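Just so you know, we're using UniProt numbering here: the sequence shown kicks off at 1 and counts up by one.
For each residue, glycine too, the CB sits at the ideal point set by N, CA and C.
No experiment lies behind these values; they were computed from the predicted model shown.
The structure appears right after this line, and notes come after that.
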Amino acid sequence: MVEGEVPIAETAPVQFKQEQAPPDPKGLQKSSAAAASRKLNRQPIKNLKVRTASVNDGRVVLPKERLCDKYKVFGKLKQSASSHFLCIQNDNCGALFMVKKTNWTEVDILKSLKHSSIIQPREAFQEENTIYLSLDFHRVTLKEALTTPAPITASHIYSTINFLVENGIVHNRIDAAAIRICGKTGRIILCDFQMATRPRSQRFPAKDFESLGMVLLEMMSEPRPRQYDLELARSLQKKLYGVDRPECWSHCNELIEFLEALITYKDVERIRRREHPYLRITDAEGGSFEAHVALVPFSCFSLWYAQKDGHT
């Protein structure tokens, strides 16, 4: 159990009280909301319902008519720097959703992206200056999976970053905690778009590809995951990045070359343009990639070897 997590079985549903808004004879609230909307120059949220919410003792409490006889609210799920509320269960279908505090940047970015490896929003709602977002529930993060058997392919992360580049978006916060795992398919799901931006500069930042390199290095340093930054990675580049048991990786030439491309190249188009043998397109429609190096369950990470020339 993650630190700070409230067990579902031990958490009683939240009791809701319907509060009436104070009288507003001069229509100040309406004019204030209109002014704020004009200030943000915000487009209406399509396919997302915006509702009010309130917070009580760290619990998300939605309007009574929204939850009554339909949803149950449980405790809070705390995972690293990313805090999600665990959350809401639909009584009709039993589906779980995560609700988190966020900003309009993440809401706007997510509603514009449709990709199997990007988390999908359900509802956005607001209470005063706080925005909440309801998301599909994916319990495990990649950071937790470093010590949990779970088949993950780095190629899915790469293809997702490619998709963001094609849509002019930089995630800016890709790490092992921002990547979740779909419990049904094992596919990676990229989350936490609060810091995402749409760069207007002529040279597109390579930060997300560099961050992917840091994630791969952290995975390679299993069973004692090491925190990397770009400066440290570059300084250790000639020493196989300082990973434990370097003898397990010294023969993985394609992987090492791929890491060098992610960490060394500062030009996004140079990274994307190069048809590196580590990746090959297998599904043009879905934009997915298949890696020549398979990421086996992380608990057996020492058995991760490159598949080269038909040999494992």
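Query: Does the Cβ-Cβ distance between Asp208 and Glu106 come in under 9 Å?; Result: no
Query: Alpha carbon to alpha carbon, how far is Ser117 from Gly183? Give it in angstroms, no decimals.; Result: 13 Å
Query: From which residue to which residue does the beta strand (DSSP E) around Phe97 run?; Result: Leu96 to Thr102
Query: Give the straight-line distance between the Cα atoms of Leu142 and Ile188, rounded to the nearest whole angstrom.; Result: 8 Å
Query: Keeping to the same chain, check which residues put their C-beta closer than 6 Å to that of Ser211; ignore five residues upstream and five downstream.; Result: Ile174
Query: Within the 9 Å Cβ cut-off, does Ala196 reach chain D?; Result: Included in the structure is just one protein chain, with no chain D present.
Query: List the residues that DSSP assigns as beta-bridge partners of Pro121.; Result: Leu135
Query: Who pairs with Leu190 in a beta bridge, going by DSSP?; Result: Ile118 and Ile179
Query: For His115, tell me which candidate among Ala196, Arg200, Leu164 and Glu218 has the shortest Cα-Cα distance.; Result: Leu164
Query: Which same chain residues, not among the five before or five after Phe204, have their C-beta less than 6 Å away from its C-beta?; Result: Val268
Query: Please look up how many angstroms separate the CB atoms of Ile119 and Leu135, rounded, as I've assumed it's under 8 Å.; Result: 5 Å
Query: For Ile109, which of Val140, Ser201, Gly168 and Thr130 has the nearest alpha-carbon?; Result: Gly168
Query: List the endpoints of the continuous alpha helix (DSSP H) containing Arg273.; Result: Val268 to Arg273
Query: Hey, out of Val170, Val215 and Ser155, whose CA is closest to Arg200's CA?; Result: Val170
Query: Leu262: which of Leu232, Glu231, Met214 and Val140 sits nearest, CA to CA?; Result: Met214
Query: From this set, Arg198, His156 and Arg270, which residue's C-alpha is nearest Thr185's C-alpha?; Result: His156
Query: Just how far apart, CA to CA, sit Tyr158 and Ala177?; Result: 16 Å
Query: According to DSSP, is Thr141 helix, strand or coil?; Result: strand
Query: In its own chain, which residues sit with a C-beta less than 7 Å from the C-beta of Asn172, not counting the 5 before and 5 after it?; Result: Met195, Ala196, Thr197 and Lys207
Query: Mapping the DSSP letters down to three states, classify Asn167 as helix, strand or coil.; Result: coil
Query: Taking the alpha-carbon of Met98 as reference, which of Pro121, Trp104 and Ser112 has the nearest alpha-carbon?; Result: Pro121
Query: Going by C-alpha distance, which of Tyr265, Phe125, Ala124 and Leu259 is nearest Met220?; Result: Leu259
Query: Taking Arg273 as the reference, which of Leu133, Asn162, Trp104 and Ile131 has the closest Cα?; Result: Asn162
Query: Helix, strand or coil, according to DSSP, for Thr185 in the structure here?; Result: coil
Query: Would you decide whether Arg180 is buried or exposed? Buried here means 16 or more other CB atoms lie within 10 Å of its CB.; Result: buried
Query: Out of Leu255, Leu217, Lys101 and His138, point me to the one whose CA is closest to Tyr132's CA.; Result: Lys101
Query: Look at the alpha carbon of Phe125 and the alpha carbon of Asn103, and state the distance between them as a whole number of angstroms.; Result: 11 Å
Query: Tell me which residue opens and which closes the alpha helix (DSSP H) that Asn253 is part of.; Result: Asn253 to Thr264
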